[in-house]
Amino acid sequence: MVELFCALVGTQVALSVEINADESVGILKQKIKDQKKNALKDVDADNLQLFLAKRNDAWLTEAQVAKGVTDTTGYSLLRFARATLKEVGLLEEDVQFESTSEDVKVGNNIVHVLVEISEMPPRKKKESG
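In mature numbering (1 follows the signal peptide of the UniProt record, and there is no 0), the protein residues as written are -16 to -1, 1 to 113.
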């Protein structure tokens, strides 16, 4: 099992999800939705876009999330629902971080996944007649 810290884009919220590294990106989406039932109540899990929260070999931190993350530019989209977490760089050894009390105090603990709600295309109206 691996504990992943995830942040919702456009909020200052981070959450923790425990998941097996052999599980898929699609299952991670469902676990995130299950953790945030109220915030994501009108969103299907497959409408969540997940990004590896690592840019230029540096993980995003909780302090950065607390300031608000609104842009996913430069983060890798975890595009394929069937890809396993270990295939996308979320193995336990990839994400482990030994934090100190100082890290906790200043928010240097790392965030592994950014979660963004994808825009749904407008539904086509049926023509009557």
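From the three backbone atoms N, C-alpha and C, an ideal C-beta is built for every residue, glycine too.
Is residue j closer than 7 Å to residue i when the C-beta atoms are compared?
{"i": "residue 96", "j": "residue 50", "result": "no"}
{"i": "residue 17", "j": "residue -3", "result": "no"}
{"i": "residue 101", "j": "residue 81", "result": "no"}
Could you work out which residue in the options is closest to residue i when comparing CA atoms only?
{"i": "residue 12", "options": "23, 26, 33, 46", "result": "33"}
{"i": "residue 64", "options": "87, 9, -11", "result": "9"}
{"i": "residue 5", "options": "35, 22, 78", "result": "78"}
{"i": "residue 2", "options": "75, 40, 48", "result": "75"}
{"i": "residue 90", "options": "48, 101, 31, -16", "result": "48"}
{"i": "residue 52", "options": "-16, -14, -9, -15", "result": "-9"}
{"i": "residue 39", "options": "102, -15, 73", "result": "73"}
Go ahead and label residue i buried or exposed: buried means 16 or more other beta carbons lie within 10 angstroms of its beta carbon, across all protein chains shown.
{"i": "residue 45", "result": "buried"}
{"i": "residue -12", "result": "buried"}
{"i": "residue 99", "result": "buried"}
{"i": "residue 62", "result": "buried"}
{"i": "residue 42", "result": "exposed"}
{"i": "residue 20", "result": "buried"}
{"i": "residue 35", "result": "buried"}
Work out the CA separation of residue j and residue i for me, nearest whole Å.
{"i": "residue 55", "j": "residue -6", "result": "11 Å"}
{"i": "residue 84", "j": "residue -1", "result": "18 Å"}
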